[in-house]
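Its first residue numbered 1, the sequence shown is counted upward by one per residue in the UniProt record's numbering. Positions of the beta carbon are idealized from the N, C-alpha and C atoms, including for glycine.
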Amino acid sequence: MLEPYVRPGIDDRPDLDKALSPEDKEAVARLAMKPSRRPPEASSDQPEAQAMRLAASASSAAAAAVSSVDTPAPDMSSAYLDMRDPMVSASGEKPSVARVSRLNWGFFIASILVGAPWVALNTVAMPNVVARLGGYNTAVRGEIPINPATGRALPVATELAMPLAVLVIVGVVASVFAMPLISGASDHTRTQFGRRTPWMVVGGVLSALLTLLLGQDLNIVGLCVLWAAMQFAYAMLSVPLASAISERVPDKFRPRIERWHGIGVMLGQAAGVCLGAIGVMFSSFTPFVLTAVLFALSGILTVLILPKEPSSEALPRAPFNASTVVAQLRPPTDAPAFARVFAARTAMMTGVGLTGVFLWYVVRYWVYGKAVLFTSAPLTIPAGSLIMAMAIATLIGTALASWLAAPISERIEERGIATATVVAGSCLLYAVGLALAWGLGVWSTGAARENGLIAFALISGFAFGIYDALGLELVMDALPDPRNAGHDLGVFALANSAGLALAAIIGALLVNAFASSYGYYLLFPAAIVAVLIAGAVTLVGSRAND
Numbered sequence: 001m002l003e004p005y006v007r008p009g010i011d012d013r014p015d016l017d018k019a020l021s022p023e024d025k026e027a028v029a030r031l032a033m034k035p036s037r038r039p040p041e042a043s044s045d046q047p048e049a050q051a052m053r054l055a056a057s058a059s060s061a062a063a064a065a066v067s068s069v070d071t072p073a074p075d076m077s078s079a080y081l082d083m084r085d086p087m088v089s090a091s092g093e094k095p096s097v098a099r100v101s102r103l104n105w106g107f108f109i110a111s112i113l114v115g116a117p118w119v120a121l122n123t124v125a126m127p128n129v130v131a132r133l134g135g136y137n138t139a140v141r142g143e144i145p146i147n148p149a150t151g152r153a154l155p156v157a158t159e160l161a162m163p164l165a166v167l168v169i170v171g172v173v174a175s176v177f178a179m180p181l182i183s184g185a186s187d188h189t190r191t192q193f194g195r196r197t198p199w200m201v202v203g204g205v206l207s208a209l210l211t212l213l214l215g216q217d218l219n220i221v222g223l224c225v226l227w228a229a230m231q232f233a234y235a236m237l238s239v240p241l242a243s244a245i246s247e248r249v250p251d252k253f254r255p256r257i258e259r260w261h262g263i264g265v266m267l268g269q270a271a272g273v274c275l276g277a278i279g280v281m282f283s284s285f286t287p288f289v290l291t292a293v294l295f296a297l298s299g300i301l302t303v304l305i306l307p308k309e310p311s312s313e314a315l316p317r318a319p320f321n322a323s324t325v326v327a328q329l330r331p332p333t334d335a336p337a338f339a340r341v342f343a344a345r346t347a348m349m350t351g352v353g354l355t356g357v358f359l360w361y362v363v364r365y366w367v368y369g370k371a372v373l374f375t376s377a378p379l380t381i382p383a384g385s386l387i388m389a390m391a392i393a394t395l396i397g398t399a400l401a402s403w404l405a406a407p408i409s410e411r412i413e414e415r416g417i418a419t420a421t422v423v424a425g426s427c428l429l430y431a432v433g434l435a436l437a438w439g440l441g442v443w444s445t446g447a448a449r450e451n452g453l454i455a456f457a458l459i460s461g462f463a464f465g466i467y468d469a470l471g472l473e474l475v476m477d478a479l480p481d482p483r484n485a486g487h488d489l490g491v492f493a494l495a496n497s498a499g500l501a502l503a504a505i506i507g508a509l510l511v512n513a514f515a516s517s518y519g520y521y522l523l524f525p526a527a528i529v530a531v532l533i534a535g536a537v538t539l540v541g542s543r544a545n546d
């Protein structure tokens, strides 16, 4: 009887489960390599995520994303640097044409819904609550105090500068810790709905509830506590959104979606100011109702418009270490170029914040505090109208800057002009706008003063847009190590917070020190000095690098 053919090396192989003893199996197991999946990259280390947070911090920074100036963040994990498919996102998704369109419109709408209520709170609603807390009925014009020595009218509402500055500083300090904490917490979230989706939905609802509480009659301590909590709630909404753009958008479509996100940020900034101004025309609580509705809708609508986020349950779990949160705030060492661009940004944001923090008081009590109106209409109507006109003028200036940034960049490259020179020139142009508003505010009244502020808004929007669009190149060149670009960009974003805190402190001290003579007049020359310092530091830094 013929035996079946035995294929050498195939059919005659022993069954290792039976042939090996338990001791042999343990030895083989010790030698075997156990592949383990690496946990995904932390959002604080993603250059694109940090760049998106920086762009969302101001409409001018968004102009840098909208412009065609090629200054991408140095992303060492980009698919263009290896053999990975650039049509596949970092989360492993390969979206179809329809899903790419949903990503584009979802992040565009989200940037408006998230940014508009936040700007409305900071620009109009919260300063108006502080004024109400100080005993000012902001809807009507009260009696103007008179200096008995000179017989001239005294500056109005100068005592409101200090409590508003305290509120701003509390918010800045809370936000500095809220951003890295929420970033790390969302990185470690493992749910069937993904890592970012639950945070955005809960953050939007929580922001809405806290907004309604902020609109109640509270003392300054209660406002500070709720405002600090609001920073964490808003971080739950905004930080995961920036991370989602970095993770869910493939490299192939990222420039297009980032550009539309920047446009949404610019529109959200202008819409937020208009929202707060329109709301305050009715009552001091109306802006809080409107912003609460937008906050509640922002997270929910964003999740509904975007394609469903993949489950994060299968992602490897890593322990949450508090030291990683602190590490996000640690600046790079032995990086003088980075220190100079950080100092220049801080000085610039100080100049911007000196008028931005107290803008509602400047308009309401400087322009209209002593106005003689032959009407029974509340003064919040002309004040709100002027605020809206300034917001639209700033939007026009910023859009113009984003349109001209690329041609300007090409022209200065052709002529061999240093980028730092043009950036410093934009600081000078911003100072000219401040001088125009200050000059017309001191030496004129009525329509001339209003036109001066509108012209300042237009000029400042253009100047700041150029500053960010071209200055971003200086920032990228100053990063000490491309491998740590994400961390360093996150540290650079702290310059916005530092400048805002300095603006609140300097502005409150100036207004209170000269309350009996100048009041809010000195905010403009102080802002001019800060902006010129930013330009000087930029020029000095450029020469030092050369």
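- A contact is defined here as three or more CB-CB pairs under 8 Å, and the region 523 to 543 fails this definition with respect to the region 195 to 202.
- In the three-state reduction of the DSSP assignment, arginine 13 falls in the coil class.
- Approximately 10 Å separates the beta-carbon atoms of lysine 94 and valine 100; this is outside 8 Å, ruling out the contact.
- Between leucine 103 and proline 127, the C-beta spacing is not below 8 Å.
- Between aspartate 251 and serine 43, the C-beta gap is not smaller than 8 Å, which leaves the two residues out of contact.
- A straight-line Cα-Cα distance of about 14 Å links glycine 535 and leucine 472.
- Comparing alpha-carbon positions, the option among Ala327, Met390, Tyr5 and Gly194 lying closest to valine 303 turns out to be Gly194.
- Only exposed fits phenylalanine 320, as fewer than 16 other CB atoms lie within 10 angstroms of its CB.
- Collapsing the DSSP output to three states places isoleucine 408 in a helix.
- Distances from the alpha-carbon of glycine 184 to those of Gly486, Val325, Trp118 and Pro307 put Val325 closest.
- Judged by pairs of C-beta atoms under 8 Å, the region 277 to 286 touches the region 117 to 125, as three or more such pairs exist.
- Across the structure, glycine 499 and glycine 490 are spaced so that their CA atoms are roughly 15 Å apart.
- Burial is judged here by how many other beta carbons sit within 10 angstroms of a residue's own beta carbon; asparagine 219 has fewer than 16 and is exposed.
- Separation of the CB atoms of alanine 389 and isoleucine 459 is rounded to 14 Å, and the pair is thereby denied contact status at 8 Å.
- In this chain, the alpha helix (DSSP H) harbouring glutamine 269 covers 254 to 280.
- Secondary structure note for glycine 115: its alpha helix (DSSP H) is the uninterrupted segment 97 to 120.
- Burial check for threonine 350: the Cβ neighbour count within 10 Å reaches 16 or more, so the residue is buried.
- The Cβ neighbour count for glycine 268, taken over all protein chains shown within 10 Å, is at least 16; the residue is labelled buried.
- Remark: C-beta atoms of alanine 233 and glycine 203 approach each other more closely than 8 Å.
- In the three-state reduction of the DSSP assignment, arginine 30 falls in the helix class, which pools H, G and I.
- If you draw a straight line from the Cα of aspartate 17 to the Cα of glutamate 26, it is about 12 Å long.
- Boundaries cannot be given for isoleucine 417, as no alpha helix (DSSP H) includes it and DSSP labels it neither H nor E.
- By the criterion of a C-beta distance shorter than 6 Å, glycine 486 is surrounded in its chain by Asp45, Gln46, Pro47 and Gln50, once the five residues flanking it on both sides are discounted.
- Tyrosine 520 places its beta carbon less than 8 Å from that of tyrosine 361.
- One thing to note: alanine 437 has its Cβ no nearer than 8 Å to the Cβ of isoleucine 169.
- Secondary structure of serine 517 (DSSP, three-state): coil.
- Here leucine 532 is near cysteine 427, since their CB atoms are less than 8 Å apart.
- Distances from the alpha-carbon of glutamate 313 to those of Gly135, Pro40, Phe358 and Val119 put Pro40 closest.
- In the three-state DSSP reduction, leucine 223 falls in the helix class (H, G or I).
- Taking the Cα of leucine 275 as reference, the smallest distance to any Cα among Pro86, Gly115, Ala244 and Ala174 is reached at Gly115.
- With respect to the 8 Å criterion, serine 175 and alanine 242 are not classified as neighbours on the basis of their beta carbons.
- Arginine 7 and arginine 30 have their C-alpha atoms spaced approximately 31 Å apart.
- Shown here, alanine 493 sits in coil according to DSSP, grouped into three states, outside any helix or strand.
- For tryptophan 366, there is no enclosing alpha helix (DSSP H), since its DSSP letter is neither H nor E.
- Secondary structure of proline 331 (DSSP, three-state): coil.
- Out of Val540, Arg317, Thr211 and Ser246, the CA that lies nearest to the CA of threonine 191 is found in Arg317.
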